[in-house]
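*Asks:* Every letter in the sequence shown is one number past the one before it in the working numbering, and letter 19, counting from 1, is 73.
Handing you a structure now.
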Amino acid sequence: MISMLRPIPFYQRGVDIVVDLPGTPGGKRLFMVRDLVIRARQTSAHGKQGKLESSWEVPYHVRRITGPVTYELETLEGRQVPRSWNASQLRKYYV
55 MISMLRPIPF
65 YQRGVDIVVD
75 LPGTPGGKRL
85 FMVRDLVIRA
95 RQTSAHGKQG
105 KLESSWEVPY
115 HVRRITGPVT
125 YELETLEGRQ
135 VPRSWNASQL
145 RKYYV
């Protein structure tokens, strides 16, 4: 049985390392640099409309990938957002 197994070519192992990131949903990175994303509104930042207000904030660009599921964002004007954000707080924004 063992003799029937073939060694995995080096290039396939390299691809598996990139795609199967530990701790990420499905093992894949969700966003790339310059992707448009919207972020979840802070629960303490309710506006005038209360619970009817949108749960998501204006679109941002992904500035830098800082970890498997953490990202630094910037506004559409290019100003950096002060802290990094987890992928669970972000959604892809389609124009």
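Cβ coordinates follow ideal geometry from the N, Cα and C atoms, glycine included.
Could you give the residue range of the beta strand (DSSP E) that holds L144?
*Replies:* 144 to 146 is the span of the beta strand (DSSP E), which, as asked, contains L144.
*Asks:* Just confirm the distance between the C-beta atoms of Q134 and R117, as a whole number of angstroms; I'd bet it's less than 8 angstroms.
*Replies:* Right, the Cβ-Cβ distance comes to about 6 angstroms (below 8 angstroms), so this counts as a contact.
*Asks:* Less than 8 angstroms between the CB atoms is what I'm expecting for P113 and L90, so what's the real figure, rounded?
*Replies:* Between L90 and P113 the Cβ distance is about 5 angstroms, and since that is below 8 angstroms, they are a contact.
*Asks:* Is L84 helix, strand or coil when you go by DSSP?
*Replies:* DSSP places L84 in coil when its eight states are reduced to three.
*Asks:* Compute the beta-carbon to beta-carbon distance between W110 and R93, rounded to the nearest angstrom, for a pair I have assumed lies under 8 angstroms.
*Replies:* About 7 angstroms separates the two Cβ atoms, so the contact holds.
*Asks:* Out of curiosity, what's the CA-to-CA distance linking T129 and Y147?
*Replies:* Approximately 13 angstroms, taken between the alpha carbons.
*Asks:* To which residues of the same chain is G121 closer than 7 angstroms at the C-beta, ignoring the five residues directly before and after it?
*Replies:* Within the same chain, G121 has no close Cβ partners at all.
*Asks:* Alpha carbon to alpha carbon, how far is E126 from I119?
*Replies:* Approximately 6 angstroms between the Cα atoms of the pair.
*Asks:* If you follow the beta strand (DSSP E) that R95 is part of, which residue opens it and which one closes it?
*Replies:* From DSSP, R95 is part of no beta strand (DSSP E); its letter is neither H nor E.
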